[in-house]
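Here the structure is laid out as structure tokens; the discussion comes afterwards.
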Amino acid sequence: MANVNDPPSSMDSPPNSSSAASVQPISSSISLPLPITKLTEKNYLTWSQFMLAVLKANRVLRFVLQSDFPPQFLSESDRLHHRINPLFLSWEEQDQTVFSWLLNSISESLQPRVIGCTSSFQLWHELLSFCNAHTKVRNRQLRAQLRTVS
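Per the numbering used here, the very first residue in the sequence shown carries number 562; after that it's consecutive.
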């Protein structure tokens, strides 16, 4: 199993060519530091820059950027006998590690916004959508205030 601190080897696929069929194992104890600043409605850009850097450093960026993942069952027979695809189990364990870390980095006021998210990808994109919409509204408010001042 690859250690997150090991440098990428020539056998590792490039970051953008990772696919669900080739989930690369990571350490169960990936080094995700506790965020000093939690995400609020006003600090998305700085929060996301920090998050992306840490995710990239731990080689788990794919969990927030790619929506594809291995199938839970490889066949109908597997589904009937509840034989779960080992690649899915590995992906799920890694994804939920990233997911729980991301959840821990969100302020309490934003946590209701992500209820129902079940994967790192879904959580990341829900936060992105909300914060982008919030930023656009705030920009409109500030422009309106500037017009009344001048």
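The beta carbon of each residue, even a glycine, is placed where N, CA and C say it ideally should be. Owing to the predicted nature of the structure, the values given are computational and were not obtained by experimental measurement.
Counterpart residues of residue i in DSSP-defined beta bridges
i	result
I667	L600
Residue i, buried or exposed, once every other Cβ within 10 Å from all chains shown has been counted against 16
i	result
C692	buried
D629	exposed
T598	exposed
L595	exposed
V625	buried
N619	buried
T607	exposed
L712	With the chain represented from 562 up to 711, any question about residue 712 goes unanswered, as that position is not in the structure.
A705	exposed
I587	Residue confidence is low: I587 scores 49 on pLDDT, short of 50, so the model does not pin down where it sits. Its coordinate-derived value is still stated next. So I587 counts as buried.
D567	Unreliable positioning characterises D567 in this predicted model, as indicated by a pLDDT of 42, which lies under 50. A coordinate reading is not provided.
Of the listed residues the options, nearest to residue i (C-alpha basis)
i	options	result
F649	T679, R640 and P632	P632
L541	T658, L689, A614 and Q655	In the structure as shown, the chain begins at 562 and stops at 711. Residue 541 is therefore absent and cannot be evaluated.
L593	E602, K617, T607 and Y605	K617
S680	R708, Q627 and D639	Q627
W652	H686, S609 and R623	R623
Q610	W685, R708, L707 and A705	W685
F660	Q706, L635 and I676	I676
E602	H642, E669 and Q683	E669
Q657	D639, Q683 and H642	Q683
Beta-carbon separation (whole angstroms), residue i vs residue j, contact threshold 8 Å
i	j	result
I667	L613	Going by Cβ atoms, the distance from I667 to L613 rounds to 15 Å, so no, they are not a contact pair.
Q655	V710	That belief does not hold up - the Cβ atoms of Q655 and V710 are roughly 51 Å apart, past 8 Å.
R708	E687	Not confirmed; about 32 Å, so no contact.
* To do: Could you tell me which uninterrupted alpha helix (DSSP H) segments, each at least 4 residues in length, are contained entirely in the segment 621 to 669, listed from first to last along the chain?
  => Runs found: 623 to 626, 637 to 641 and 647 to 665.
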